[in-house]
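K.L.:
First, the structure itself, so that you have it in front of you.
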Ligand SMILES: O=C(O)CCC(=O)C(=O)O
């Protein structure tokens with residue numbers, strides 16, 4: 477978003493914060509300009525084509541066995557690109573995202589994670605889960621800013637969220653159906669609730685907190701990718717976070733450290749959190 481749009485965003489941010497407090501999530505429409513979306517799309521296409529050294533997941537995709545025919549084997553997600561690419565870092569610290577996070581956290585945020593998902597046609601999704609299970613931020617929780625780089629809908633595996641789970645306890649997950657999910661954890665939907673699709677256009681950003689139960693189904697389209705640039709944040713006064721998120725990045729781009737979270741969370745000792 478160009479800086480001149482920020483005053484308009486300030487006018488919207490009260491109503492975005494209201495929806496976020498009510499449902500646990502909210503979509504900021506058109507937060508990234510078409511030019512920004514195009515730059516992000518091209519940046520990761522180039523990284524993929526050139527095989528830029530970085531951290532890609534998952535390489536081992538089906539029941540512990542490498543399957544070169546799995547679309548996610550050919551298009552693994554890019555983990556923490558802000559650590560090795562300056563433009564990815566720039567977009568993790570996006571001015572519009574920052575403005576909304578300041579209003580949701582009521583304080584200055586810090587960035588904890590960036591990821592890029594290609595989700596090509598035929599790719600499995602990510603079963604329902606809660607982000608705070610992995611980040612184990614203390615005190616408080618994390619907030620995700622999930623930016624659509626393609627239009628997202630039911631067919632290409634758009635995001636599903638269970639409304640009003642923003643105060644749900646963080647639970648130790650069950651086993652996911654690995655035919656539909658490339659991740660192994662699954663958090664059941666509370667009785668009386670159901671997941672809702674967040675239909676989004678490229679450039680829209682979905683914000684949700686670390687308790688919200690969310691995930692996505694497979695991309696069942698024949699030729700449409702469902703790319704997303706996904707970053708996580710915490711309030712700047714956090715004291716602890718799981719080890720794989722260190723170092724943190726302040727919104728001015730400088731790095732800093734807090735204590736490593738050693739609590740196992742709801743699965744008990746032995747589970748010290750991991751990148752999700
Ligand atoms: O993009 C997706 O399909 C799932 C992403 C997600 O749930 C997450 O990053 O926590």
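Numbering (the numbering used here), first residue to last: 477 to 752. We put the beta carbon where it would ideally sit given N, CA and C, even for glycine.
Grab the span of the beta strand (DSSP E) containing residue 509 for me, first residue to last.
P.N.:
Premise fails: residue 509 is in no beta strand (DSSP E) and is neither H nor E.
K.L.:
Using DSSP with H/G/I as helix, E/B as strand and the rest coil, what is residue 625?
P.N.:
Reduced to three states, the DSSP call for residue 625 is coil.
K.L.:
Any residue with its Cβ nearer than 7 Å to a heavy atom of ligand 1 should be included. What is that list in chain order?
P.N.:
Taken from the N-terminal end onward, the list reads 591, 593, 595, 601, 602, 605, 607, 620, 622, 633, 635, 690, 691, 692, 704, 706, 752.
K.L.:
Going by DSSP, what residue range makes up the alpha helix (DSSP H) through residue 590?
P.N.:
Unbroken run through residue 590 is the beta strand (DSSP E), 585-593; no alpha helix (DSSP H).
K.L.:
Contact check, residue 576 vs residue 705 under 8 Å by CB: the rounded distance?
P.N.:
At roughly 15 Å, the Cβ-Cβ gap does not stay under 8 Å, so residue 576 and residue 705 are not in contact.
K.L.:
Short of 6 Å in beta carbon distance, which residues of its chain neighbour residue 612, apart from the five on each side in sequence? Order them along the chain.
P.N.:
For residue 612, where only same-chain residues beyond five positions count, the Cβ hits under 6 Å are 718, 737, 741, 749.
K.L.:
In whole angstroms, what is the alpha-carbon distance linking residue 495 and residue 660?
P.N.:
Near 31 Å, if we compare the C-alpha coordinates of residue 660 and residue 495.
K.L.:
Given this structure, state the Cα-to-Cα distance separating residue 657 from residue 700, to the nearest angstrom.
P.N.:
Their backbone Cα atoms lie some 18 Å apart in a straight line.
K.L.:
Beta-carbon within less than 7 Å of residue 721's beta-carbon, same chain only, minus the 5 sequence neighbours each way: which residues are those?
P.N.:
Excluding positions up to five away in sequence, the list reads 588, 589, 611.
K.L.:
Under 8 Å Cβ to Cβ from residue 572, same chain only, skipping five residues before and after it: list those, please.
P.N.:
Contacts found: 477, 481, 482, 485, 504, 507, 508, 681.
K.L.:
Contact between the region 543-554 and the region 671-687 is defined here as three or more beta-carbon pairs at a separation below 8 Å; is this criterion met?
P.N.:
Cβ pair count under 8 Å is below three, so no.
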